[in-house]
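Numbers -21 to -1, 1 to 397, taken from mature numbering (1 follows the signal peptide of the UniProt record, and there is no 0), label the letters of the sequence shown in order. Heads up: the structure comes next, in structure tokens.
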Amino acid sequence: MFVQQIIIVVALISKIQMVTFLRDYGYPINENNTISCTQSKQLNYKFTFQEFDRIPQVILNIWQLNMTQDENEVQTSISQVQKQSFILNIGCPKSGIVKQLRLKWFAIDDQRIQVINCYNMTEIKRKTFLHNNPNALSGYVSITSIGFKGKVNFYLKILDLNTTSVTIDILGNYENVTQLGYQVILGINGFFQQLNDNSFFQNFTSENLNYIVRSNQTLANCFYGFDYYNSGNFDFLNSMQESSTKKSFNYSIQPNGGGSYNSIFFIMIKIQTTFLPLQFQKLSIKLVKAIPQQYQAKIIISNQENDQIFQSIGEFQLIVDKSFDKVNLFTLLRCNTNSTIQSSFNKFQKSIILKQLNLTHQCDSNLNQINFQLVLNNMDETHQELKITISEFSCSVSQILYNQVKEELKLYEIYIQN
């Protein structure tokens, strides 16, 4: 599908168990000054596309930036993201001229990828961000805006990436960086295929790449640092050239302002990996006489190494490491004489409840504690996120899965009826 003028929508992919992409080149600021950005005129562009089922995430990818060498700055951010549109905001707050800005963008409807935005930061320092998906353990960082007041030589780096957080560090000489914006793009294993990661101080053109090879991929060419000499314009360019037969292409990098740090990736358009629920293996239940204790309910999650104990009212998160192929869940509840314990345990096939076990137990003066032991298999050999909820008269454990959509699957629930 093609839309004339500045928007070119190249591909629209079905949304069932795969990442959904729209990709576009935009030319918000051009060198013939028909569209310009000044101190008194911020630019706001609305991009529209075919409607998603959910609000997508948006990735920005700068392919060209040309600014005069005076103290200068360009700001970019995304706002008002809807199911079929978003607003791109561009600001030029300094007296220097922003001559050209060329962007590529992606809209993504998939929770196996997470986009973390750090727009137009004026306090330049190491930053740590929380992320959602414990299995999104690969990624890259891409600069989206910059301001400077002299020569700079710096780059951004993913210093640490674990199941809950990612830390971005800035290295080199960044004294003269007055503003910096970037995105962190995280994905599951196989989402990115890195073609090149290097510093470039002269023009570079890649070998030809076959379109058949990339039929399930799109190209991201990202700046993650600059070595700007400040002897001429801040002028850096990425580009892509198709062959005359349109069966192959190559990419180029032109660091006219000095040197640039670039990561070049293929990004997968279709993700084949589907994360599965923990599989029900064994359930045992015992009514016993309670030893006097302070708790009403206690959940113990054993992963063959450490026991995690939850016994206060509230909602808790736990990441079970992928190295454990079994997860043991122990639930202990005290009950009064003649109280009824209702419980339900779910067996899943993919994300559908295949079978539900609904059980009822009665407490008396001699048997006033019920112990449940549930053993689950980790068939995926992936990190598992559990949500534990304890209230005064009930408790439950759910599993959080990140596929096309985020799913919360209730593994079991137990409650007391007095």
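Glycine included, each C-beta is placed from N, C-alpha and C at the ideal position.
Tell me which same chain residues have a C-beta within less than 6 Å of the C-beta of residue i, skipping the five on either side of it?
| i | result |
| --- | --- |
| P35 | A86, I87, D88 |
| I288 | I279 |
| N182 | Q233 |
| A199 | N40, F244, I246 |
| S124 | V53, Q54, T55, N99, G160 |
| N337 | S323 |
| A269 | R313, N347, Q348 |
| N175 | I243 |
| Q173 | F244 |
| C16 | I8, L22, I69, C71, V77 |
May I have the straight-line CA-CA distance separating residue i from residue j, to the nearest angstrom?
| i | j | result |
| --- | --- | --- |
| L188 | N195 | 13 Å |
| T368 | E387 | 13 Å |
| N12 | L255 | In this prediction, N12 scores a pLDDT of 48, lower than 50, which makes its location untrustworthy; no coordinate-derived value is stated. |
| I66 | L365 | 35 Å |
| residue 422 | L138 | The requested residue 422 is not part of the displayed model; the chain covers only -21 to 397. |
| H110 | I246 | 20 Å |
| S344 | V384 | 47 Å |
| L82 | M100 | 19 Å |
| C97 | T146 | 12 Å |
| M46 | Y230 | 22 Å |
| F170 | I250 | 7 Å |
| V306 | V376 | 12 Å |
| P113 | C374 | 24 Å |
| F215 | V299 | 44 Å |
| Q328 | Y391 | 15 Å |
| N382 | F26 | 26 Å |
Does the Cβ of residue i have 16 or more other Cβ atoms within 10 Å, making it buried, or fewer, making it exposed?
| i | result |
| --- | --- |
| M358 | exposed |
| E154 | exposed |
| T339 | exposed |
| Q93 | buried |
| I(-6) | Its pLDDT being 24, under 50, I(-6) is placed unreliably in this model, and the value from its coordinates should be taken loosely. Exposed, because fewer than 16 other Cβ atoms sit within 10 Å of the Cβ of I(-6). |
| R105 | exposed |
| T184 | exposed |
| K226 | exposed |
| S322 | buried |
| L257 | buried |
| N23 | exposed |
| Q260 | exposed |
| N397 | exposed |
| F180 | exposed |
| V60 | exposed |
| S239 | buried |
| L333 | exposed |
| M(-21) | Confidence at M(-21) is low in this model, with a pLDDT of 27, below 50, so its placement is unreliable and no value can be given for it. |
| N356 | exposed |
| I164 | buried |
| Q18 | exposed |
Short of 7 Å in beta carbon distance, which residues of its chain neighbour residue i, apart from the five on each side in sequence? Order them along the chain.
| i | result |
| --- | --- |
| Y207 | F127, K130, V131, F213, G236, G237 |
| L140 | L116, G118 |
| D211 | Here residue 211 is Gly; the residue named in the question, Asp, does not match the sequence. Q48, G236, listed in sequence order. |
| C201 | N40, Y119, S121, N241, S242 |
| L297 | I280, Q287, L365, I367 |
Could you pull the DSSP bridge partners for residue i from this structure?
| i | result |
| --- | --- |
| K249 | DSSP lists no partner for K249. |
| V354 | K261, N307 |
| Y240 | S178, G204 |
| residue 398 | Summary: the structure shown does not reach residue 398, with the chain confined to residues -21 through 397, and so no result is reported for it. |
| residue 409 | Here the chain comprises residues numbered -21 to 397, so residue 409 is not present and cannot be evaluated. |
| R91 | Paired residues: none, contrary to the question. |
| F26 | F65 |
| G169 | According to DSSP, which records beta bridges pairwise, G169 is partnered with nothing at all. |
| N132 | N152, D206 |
| F228 | L188, E221 |
| T368 | E294, S375 |
| S323 | N337, E392 |
Considering only the beta carbon of each residue, do residue i and residue j sit closer than 7 Å?
| i | j | result |
| --- | --- | --- |
| N217 | W42 | yes |
| L266 | L346 | yes |
| V53 | V77 | yes |
| V291 | I395 | Checking the sequence shown, residue 291 turns out to be Ser, not Val. Taking 7 Å as the Cβ cut-off, S291 and I395 do not qualify as a contacting pair. |
| T310 | F351 | yes |
| G70 | N51 | no |
| L135 | Y203 | yes |
| T107 | S58 | no |
| F31 | K62 | yes |
| L353 | L308 | yes |
Tell me which residues share the same chain as residue i and place their Cβ nearer than 8 Å to its Cβ, disregarding the 5 neighbours each side in the sequence.
| i | result |
| --- | --- |
| Q335 | S323, F324, N325, K326 |
| E221 | S227, F228 |
| T252 | R91, I167, N168, G169 |
| M219 | L198, N200, F228, N229, Y230, S231 |
Hey, would you say the C-beta of residue i is under 6 Å away from at least one heavy atom of the ligand GTP?
| i | result |
| --- | --- |
| K301 | In the structure on display, the ligand GTP does not appear, and there are no ligands present to speak of. |
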